[in-house]
Amino acid sequence: MPAAHRQDDVLVLFSQESAPGTVHTVNVGTGPLEPGEILAVARGGARVALTAESLAGMRSSRSVIESLAADSKPHYGVSTGFGALATKQIPPSQRTVLQRSLVRSHAASSGQEVDREVIRALMLNRLSTLATGRTGVRPEVASAYADLLNAGITPVIGEYGSLGCSGDLAPLSHCALALMGEGRVRDADGKELEASAALAAAGLEPLELQEKEGLALINGTDGMLGMLTLAIADLHRLLTVADIAAAMSVEGLLGTDAVFAADLQALRPQPGQAESAENIRTVLRGSVLVEEQTTGEFTRVQDAYSLRCAPQVHGAARSTLAHAEHVAAYERASAVDNPVVTPDGRVESNGNFHGAPVGYVLDFLAIAVADLASMSERRTDRFLDRNRSHGLNAFLAHDPGVDSGHMIAQYTQAGIVSELKRLAVPASVDSIPSSAMQEDHVSMGWAAGLKLRKALDGLTRVLAVEILTSARALDMRDGGLHSSRSAPVSAAVRAAVRSVVDGPGPDRYLAPEIEAVYRLVADGSLVTAANAVLEAPLH
Numbered sequence: 037m038p039a040a041h042r043q044d045d046v047l048v049l050f051s052q053e054s055a056p057g058t059v060h061t062v063n064v065g066t067g068p069l070e071p072g073e074i075l076a077v078a079r080g081g082a083r084v085a086l087t088a089e090s091l092a093g094m095r096s097s098r099s100v101i102e103s104l105a106a107d108s109k110p111h112y113g114v115s116t117g118f119g120a121l122a123t124k125q126i127p128p129s130q131r132t133v134l135q136r137s138l139v140r141s142h143a144a145s146s147g148q149e150v151d152r153e154v155i156r157a158l159m160l161n162r163l164s165t166l167a168t169g170r171t172g173v174r175p176e177v178a179s180a181y182a183d184l185l186n187a188g189i190t191p192v193i194g195e196y197g198s199l200g201c202s203g204d205l206a207p208l209s210h211c212a213l214a215l216m217g218e219g220r221v222r223d224a225d226g227k228e229l230e231a232s233a234a235l236a237a238a239g240l241e242p243l244e245l246q247e248k249e250g251l252a253l254i255n256g257t258d259g260m261l262g263m264l265t266l267a268i269a270d271l272h273r274l275l276t277v278a279d280i281a282a283a284m285s286v287e288g289l290l291g292t293d294a295v296f297a298a299d300l301q302a303l304r305p306q307p308g309q310a311e312s313a314e315n316i317r318t319v320l321r322g323s324v325l326v327e328e329q330t331t332g333e334f335t336r337v338q339d340a341y342s343l344r345c346a347p348q349v350h351g352a353a354r355s356t357l358a359h360a361e362h363v364a365a366y367e368r369a370s371a372v373d374n375p376v377v378t379p380d381g382r383v384e385s386n387g388n389f390h391g392a393p394v395g396y397v398l399d400f401l402a403i404a405v406a407d408l409a410s411m412s413e414r415r416t417d418r419f420l421d422r423n424r425s426h427g428l429n430a431f432l433a434h435d436p437g438v439d440s441g442h443m444i445a446q447y448t449q450a451g452i453v454s455e456l457k458r459l460a461v462p463a464s465v466d467s468i469p470s471s472a473m474q475e476d477h478v479s480m481g482w483a484a485g486l487k488l489r490k491a492l493d494g495l496t497r498v499l500a501v502e503i504l505t506s507a508r509a510l511d512m513r514d515g516g517l518h519s520s521r522s523a524p525v526s527a528a529v530r531a532a533v534r535s536v537v538d539g540p541g542p543d544r545y546l547a548p549e550i551e552a553v554y555r556l557v558a559d560g561s562l563v564t565a566a567n568a569v570l571e572a573p574l575h
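Set out below in structure tokens:
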């Protein structure tokens, strides 16, 4: 059974493809994590272990912090307050209290609980930064963080609280609070309880933070990076499903595959477009229904844009995704903290915690997601209009008038598409000042990540309705599931759909059928079904 999460009262499923079960332990060292390692910990429950190199690096940088702690000069985060209070020097006797107070006061989230996988990704990303040796924490702090992940203890964090600068302060503070044995958490079984009780049950001791350590635990872009990493994995799968859906719609609407020819696509050498067109050609290969359109008395010269231009739109989304992957790779290779301990032993303030790079691409992906869904909905609508469906029953109804067929399924798509357009409005341009104007420009990257997660869920549902509709149309067009006129790939996808939803007939309760196909899209089953009849997998 695929892992699940609930976001804004919407259930989202994730495939084992996105949660590799083969990775049992992720070694966290001084270098960047791989995306698959983040997915393995966030979704697959993999354990983590710190490398000897990372422990040595942390010991070295900690010695720098300890020397500054004894210095009579003020050093930000070591012997001063934070943010707008950075001018106040704190005496040594109060510095443990300072770190504890920082974490408590910043653990100020509110609203609906954030999904477990997001928090685990956030925690792993923060652990990776600690392991670089650039934050100045003791190795014991990173080890305690790793123990929390390995015990499956996940802090309860509300969706509101992070402005994306200085990083994801409130979410990360809840994680640091749990290390201290305070706040609410969920254990490995999902039960909510006090952190102190969860630590005790796991055989762990609360951590007392020393100079700089509270600050080092909360000052990074780890949450928004975690959401970006998860979204990239999901969108890879959904883009393949979008190509399958487009091809099945071309076939079901008796369209032409001529426009997807490789030489025509090469006239505009966008790499994402070429990949999408190749997928569509592969799905349509061997379709008698498509071939008949070129050999009969009537040859359709052009199809509607939602069919003909699918590689261009899907390809643009693929290129956007490729850009997001570059940004994510740079961010995974970063050591985001303020101040930071440099390799030559300096402790320097900086602005690397600002989430703009990640926030921008989270918003950019939301735009692409909305457009993918918009095109899918337009293809679905063509099936339902007998003036454009080329011989199919109105609304694909069994007995039009008595039955309504998929009329309202398209309404569902339309409602989601409208919501996705609203979610495509960028969060990253909506800066708002905080901390007495010290933090006077923020990224809103955390908010961009949360809305992208909801948008991806919407796209999954829209594609599910298109697949459900095109499968029904092909059954009606093709004389049933076992006819030989469909392409082998689309027939395999239809068989997967028919394993959970009956074929055409009088009107039935439609919501469970949409949900069943939604699950097939979300857990990767439809892509698996398509690839099972191919020598090489779809892109």
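Just remember that the working numbering sits 36 ahead of the position in the sequence shown, which is counted from 1.
Note that the Cβ used here is the ideal one computed from N, Cα and C, for glycine as well.
- Item | Given 8 Å, three or more beta-carbon pairs between the stretch 394 to 409 and the stretch 455 to 467 | yes
- Message: Helix, strand or coil for V46? Go by DSSP, reduced to three states.
- Response: With a pLDDT of 34 at V46, under the threshold of 50, the predicted position of this residue should be treated as unreliable, though the coordinate-derived value follows. DSSP places V46 in strand when its eight states are reduced to three.
- Query: What do you reckon, are the CB atoms on I193 and P207 nearer than 8 Å?
  - Reply: yes
- Task: Please go through the same chain and pick out, in chain order, the residues whose beta-carbon is closer than 6 Å to the beta-carbon of L271, but skip the five residues on each side of it.
- Result: L357
- Query: Alpha carbon to alpha carbon, how far is R555 from L562?
  - Reply: 9 Å
- Task: Could you name the residues of the same chain whose beta carbon sits closer than 8 Å to that of A182, not counting the 5 residues immediately before and after it, in chain order?
- Result: V64, V84, A85, L86, L163
- Message: Quick test of your reading: S285 and R415, contact by CB under 8 Å. State the CB separation rounded to the nearest angstrom.
- Response: 4 Å
- Item | Given S342 as reference, the closest of R418, P393, R382 once Cα atoms are compared | R418
- Which first and last residues belong to the beta strand (DSSP E) in which N63 is found? 61 to 64
- Looking at C-beta atoms only, is the number of pairs between the stretch 507 to 517 and the stretch 420 to 433 that lie closer than 8 Å three or more? yes
- Message: Three Cβ pairs or more, each shorter than 8 Å: is that satisfied between the stretch 207 to 217 and the stretch 129 to 142?
- Response: yes
- Can you give the Cα-Cα distance for A565 and A531, rounded to whole angstroms? 8 Å
- Query: How many angstroms separate the CA atom of E455 from the CA atom of G200?
  - Reply: 24 Å
- Message: G72 and A157 - do their beta-carbons sit closer together than 8 Å?
- Response: no
- Pairwise C-alpha distance: V277 and V363: 24 Å
- Cβ neighbours of V295 in the same chain (closer than 6 Å, five flanking residues each side left out): R344
- Give the DSSP-derived three-state secondary structure of P436 in the structure shown. strand
- Item | Host alpha helix (DSSP H) of E73 (start-end) | 71 to 78
- Query: What are the boundary residues of the alpha helix (DSSP H) that includes L215?
  - Reply: 205 to 215
- Task: May I ask whether a heavy atom of the ligand ADP can be found less than 7 Å away from the beta carbon of A371?
- Result: Ligands are entirely absent from the displayed structure, and the ligand ADP is therefore not among its contents.
- With 16 as the cutoff for other CB atoms within 10 Å, does G93 come out buried or exposed? buried
- Message: Considering only their Cβ atoms, is the gap separating A491 from A402 smaller than 8 Å?
- Response: yes
- Query: Which value, in whole angstroms, describes the spacing of the CA atoms of A500 and P110?
  - Reply: 59 Å
- Of all the alpha helix (DSSP H) runs that stay within the bounds of the stretch 262 to 319, which reach a length of 4 or more residues? 298 to 302
- Message: For the beta strand (DSSP E) containing A85, name the first residue and the last one.
- Response: 83 to 86
- Which partner residues does P127 have in the DSSP bridge list? The partner list for P127 (beta bridge, DSSP) is empty, contrary to what the question assumes.
- Message: Taking the beta strand (DSSP E) that L148 belongs to, which residues open and close that run?
- Response: Looking at the sequence provided, one finds Gln at residue 148 rather than Leu. Counting along the chain, the beta strand (DSSP E) containing Q148 begins and ends at 146 to 149.
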